[in-house]
Amino acid sequence: MPKPIQAASADILRRQQQYRFVVVAIGALLVALGAVVIVAWIAEIQSILSVLPGFSSMALNTALCFALSGLGLISSVQSGQRSHMLAFLLFSLAAAMSGQRLIEILFVGNQAQIVEHFLASLIVDPEFTAKVNRGMAPNTAVIFFIANLSLAFALSGRAERTQLAQELVGYVVIGLGMAALAGYATRSEQGYQWGANIGMAVHTAAGLVLFGSAMLARSWWLNPESRGRMPIWLPAFVCLTGLFVDLYTPLGVANGILYVPLVLASLWFGNKNAPFSFAFACSVLVSLGFFAVDRAGAGYWYEATNRAITIATLWLVALLVFYFLRKDSSLNAERIRFDSVIRNTPNAVIATNAEGLISLFNPAAEKMFGYAAKEAIGQNVRLLMPEPYHSEHDSYLDRYARTGEKHILGTTRSVSGRRKNGEVFPLDLSVSRLATDTTITFVGILRDISDRVAHEEQLKTMFRQLQAYTADLERSNADLDEFAYIASHDLKEPLRGLHNHSRFLLEDYESQLDEDGTRRLNRLVLLSQRMEKLVNDLLYFSRIGRQQLAIKRSDVNAIVRDVVSTMELYLEEHHAKVEIEGRLPEIVCDALRLTEVYRNLITNAVKYNDKSEPLVTIGYLEQFTGNDGASAREVFFVRDNGKGIPSEFHEDIFRIFKRLEKPKESDDGTGAGLTFVRKIIARHEGDIWLESEMGRGTTFYFTLGHKREDQNATA
């Protein structure tokens, strides 16, 4: 995993652990608060039930809801299906208790308290209960009901929806709890008591602030990336201030002014649904501010209209903020992608303003020039240029600003750069211009071409060496031509003289010579003839490598039949037979040279054959696989039934003038035939090889234009 991703994952995990710790810690505090109050009820300690003398006490079912909610919070952030099921049951039970209390208040009256009287009768003295208990306050019941209901929904619904629900309710719970605390601090009953109903106890208000904070922490534990960059106490403070101004301003004329900043505070939160959360919380507070104070007369409908307009305005502002956050999120995503491309591209990317000051210097540029980004940014781009570019750059910018004349914009050109250590190196530079209404930015993309330039210089050196080699080769060919001329004229002339004089001596003085003298003169005639043949073969071998091939499409069947017809007398003398196996294809080749290949191979197959009736088979294989495992395509072969060739001589037979055994006729051949064959096949970009079995014969294989796989050419 890349390091930035690893770092991001580690940060998310660390934040999740922090939020989980907050949820568990607050849950434990709520359990402790509920347990202490329950014990105080059993022990009849009124100072704990009512922290402030003369004010509301915490009801027994309120303490039970705190204990159930705290245990549910702790279980909800544990792993395992059983823990989640337990949390769901605890939240559902607390929601049922608070919901039952709301039904009592709405339909029966404040003093009914069916559940609490039933519980108190089991563990508390009835006289103490009648003296202290006024039951769970309506605002407390509302908060516990919606809070526990949203938490139970969070354990069974989709993550995105549950997180949003928890945040919405969490903000409302914190706001109402802080409003109650502020009411106690300012001795304003509207803050903690709704109308003439029962008021919320001060430690109940404090517990609810903690409860709301735990809900927010649990929401952020589900998705740490949506956590805002603004401390939660700031919008909560704005929320509290707005509620109090709303309660104490005549007809609520200022209520919309202070709630709008609360919705705008969602701009600092990472979740784009935050403005709707704040709008919902503000709408609840605006509605509570309307119902918490009795409005009579004509002002009732005036204020109702005022608050309706306020709520509509808040949601309109939330909608605008939502679209702004969504657009900003898209821009941030594009910015991140752009930054990722810039940081990971192998090319240096440098941006400058209209004055030539560097504003962007990516990691590839740092590596290329040796400067850190903080060293280069703010400096004139001349810093990276050797002379003459260093001196000419500012004048180019001035000329461009005055005339708009472009020299390098929109093109790629090779220039020189200067590293931090002073080294000058070649690079390719492409510059583009980005203009807005107020600024002009030049973006340069640079590529170090030192390796390419070095390769070009190496190629130039190799080209010069090749030119010198070509010149040497031309001189060598000229020397070879001169040698051929000497061999064909000056060297052959004395050979002819030796031959002719030997014949003259035999014709004129044969009767005067004894038998030994005649034999020696005949031997001299034969040797001079053989020497002339060797010279002719040597000259022919030199010409094979230098003469151009007469390439054309030719029928190999016709070539072989022509060779056999011209050798008919030779074959009859040796009782030999040539067979063509299958159909030979048409190929592109030098037909005259291929004729020579078949003539030499057939001649050798007959000449060095120990059978009474030599048999030569000629054929073609589309696919060949040899004894050594090598394979080839489009292979021609010439097979005989002769004595075979030992494997140690498979290469020697292709050497010029190399013969493995003395021929039957003393003047027959020079040992150059297979050398000619190999050279001709090599000129056709082919390969020749053989397979032989002693006593059973030899097969020569060759290709024309296709080498055997995993084998080197023989020429």
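Remember, the working numbering sits 1446 above the position in the sequence shown when you count from 1.
Just so you know, even glycine gets a beta-carbon here, dropped at the ideal spot from N, CA and C.
Keep in mind it's a predicted model, so treat the numbers as computed, not measured.
Would you kindly work out how many angstroms separate the C-alpha atoms of residue i and residue j, rounded to a whole number?
| i | j | result |
| --- | --- | --- |
| Phe2082 | Leu2067 | 6 angstroms |
| Thr1639 | Arg1461 | A small fix is needed here, since residue 1639 is Gln in this sequence, not Thr. Their backbone Cα atoms lie some 37 angstroms apart in a straight line. |
| Gln1492 | Ser1596 | 33 angstroms |
| Pro1792 | Val1469 | 46 angstroms |
| Ser1544 | Phe1590 | 6 angstroms |
| Ala1900 | Ser1862 | 14 angstroms |
| Val1699 | Asn1790 | Because Val1699 carries a pLDDT of 45, less than 50, the predicted location of this residue cannot be relied on, and the following value inherits that uncertainty. C-alpha separation (whole angstroms): 56 angstroms. |
| Ala1481 | Ser1729 | 34 angstroms |
| Arg2029 | Pro2092 | 31 angstroms |
| Val1706 | Phe1768 | 14 angstroms |
| Thr1882 | Leu1459 | 41 angstroms |
| Asp1894 | Lys1866 | 15 angstroms |
| Glu1833 | Ala1818 | 22 angstroms |
| Ser2077 | His2130 | 19 angstroms |
| Ala1475 | Leu1539 | Looking at the sequence shown, residue 1475 is not Ala but Leu. Rounded to whole angstroms, Leu1475 to Leu1539 spans 19 angstroms at the Cα level. |
| Glu1903 | Ala2004 | 53 angstroms |
| Gly1653 | Ile1788 | 51 angstroms |
| Leu1513 | Thr1759 | Inspection of the sequence shows that residue 1513 is occupied by Ala rather than by Leu. In a straight line, the C-alpha of Ala1513 is about 39 angstroms away from that of Thr1759. |
| Asp1954 | Gly1963 | 13 angstroms |
| Gly1473 | Ser1502 | 24 angstroms |
| Leu1765 | Ile1494 | 46 angstroms |
| Gly2141 | Thr2041 | 28 angstroms |
| Leu1905 | Ser1876 | 26 angstroms |
| Asn1799 | Thr1884 | 11 angstroms |
| Ala1647 | Pro1499 | 11 angstroms |
| Leu1972 | Thr2071 | 45 angstroms |
| Leu1830 | Gly1816 | 10 angstroms |
| Ser1712 | Ser1733 | 21 angstroms |
| Phe1553 | Gln1527 | 38 angstroms |
For chain B, is any of its Cβ atoms less than 9 angstroms away from the one on residue i?
| i | result |
| --- | --- |
| Val1470 | Looking for chain B here will not work: only one protein chain is present. |
Taking residue i as the reference, give the member of the options with the closest Cα.
| i | options | result |
| --- | --- | --- |
| Ala1727 | Leu1829, Ile1620, Leu1765 | Ile1620 |
| Leu2136 | Phe2095, Gly1943, Leu2061, Asp1897 | Phe2095 |
| Thr1857 | Asn1867, Arg1879, Arg1865 | Arg1879 |
| Glu1490 | Phe1501, Ala1505, Leu1476, Ala1478 | Ala1505 |
| Lys2023 | Lys1906, Ile2005, Glu2042, Thr2063 | Thr2063 |
| Leu2017 | Ala1996, Lys2053, Tyr2044 | Lys2053 |
| Glu1801 | Val1787, Ile1788, Asn1826, Val1877 | Asn1826 |
| Ile1549 | Pro1584, Ser1515, Gly1526 | Pro1584 |
| Leu1731 | Trp1747, Val1709, Asn1719 | Val1709 |
| Ile1644 | Val1655, Ser1896, Ala1626 | Ala1626 |
| Arg2079 | Arg2007, Thr2012, Leu2150 | Leu2150 |
| Ile2126 | Gln2069, Ser2138, Ala1593, Leu2047 | Leu2047 |
| His2021 | Tyr1915, Val1497, Asp2056, Ser1515 | Asp2056 |
| Val2009 | Arg1966, Val1554, Thr2049 | Thr2049 |
| Ile1520 | Ala1471, Val1554, Ala1541 | Ala1471 |
| Ala1598 | His1947, Ala1541, Asp1925, Ala1779 | Ala1541 |
| Asn1778 | Lys1718, Ser1723, Ile1796, Thr1751 | Lys1718 |
Under 6 angstroms Cβ to Cβ from residue i, same chain only, skipping five residues before and after it: list those, please.
| i | result |
| --- | --- |
| Gly1518 | Ala1533, Leu1536, Phe1537 |
| Ala1794 | Ala1810, Ala1811, Met1814, Leu1892 |
| Ala1822 | Ile1804, Phe1807 |
| Glu2025 | Thr2063 |
| Asp2156 | With a pLDDT of 43 at Asp2156, under the threshold of 50, the predicted position of this residue should be treated as unreliable, though the coordinate-derived value follows. Result list for Asp2156: Ala2076, in chain order. |
| Leu1479 | Phe1512, Gly1653 |
| Glu2027 | Thr2063, Gly2065 |
Report all residues from its chain with a CB closer than 7 angstroms to the CB of residue i; omit the five preceding and five following residues, and keep chain order.
| i | result |
| --- | --- |
| Asp2181 | The displayed coordinates of the chain run from 1447 to 2161. Any statement about residue 2181 would go beyond what the structure contains. |
| Trp1761 | Ala1725 |
| Gly2143 | Arg2085, Asp2086, Asn2087, Gly2088, Gly2090 |
| Thr1508 | Met1582, Thr1586, Thr1650 |
| Trp1667 | Gln1462, Tyr1465, Arg1466, Val1469, Val1523 |
| Leu1601 | Ser1522, His1530, Ala1533, Phe1534 |
| Gly1424 | In the structure as shown, the chain begins at 1447 and stops at 2161. Residue 1424 is therefore absent and cannot be evaluated. |
| Arg1949 | Val1971 |
| Val1477 | Ala1513, Gly1516, Leu1517 |
| Cys2035 | Ile1997, Ser2000, His2130, Leu2150 |
Give me, in chain order, the residues of the same chain whose beta-carbon lies closer than 8 angstroms to that of residue i; leave out the 5 immediate sequence neighbours on both sides.
| i | result |
| --- | --- |
| Ala2037 | Ala1996, Lys1998, Ser2000, Ile2005 |
Touch test, the stretch 1777 to 1793 against the stretch 1753 to 1765, Cβ-Cβ under 8 angstroms, three pairs minimum: no
message: With three or more beta-carbon pairs closer than 8 angstroms as the criterion, would you say the stretch 1859 to 1875 touches the stretch 1767 to 1776?
response: no
- prompt: Along the chain, which unbroken stretches of the alpha helix (DSSP H) at least 4 residues long are found entirely within the stretch 1616 to 1670?
  reply: 1635 to 1638, 1648 to 1668
- prompt: What runs of the alpha helix (DSSP H), each 4 residues or longer, lie entirely inside the stretch 1773 to 1815?
  reply: 1809 to 1815
- request: Give, in chain order, every unbroken run of the beta strand (DSSP E) that is at least 3 residues long and sits entirely within the stretch 1886 to 1923.
  value: 1886 to 1894
- request: Entirely within the stretch 2003 to 2070 and at least 3 residues each: give me those beta strand (DSSP E) ranges in chain order.
  value: 2023 to 2027, 2032 to 2036
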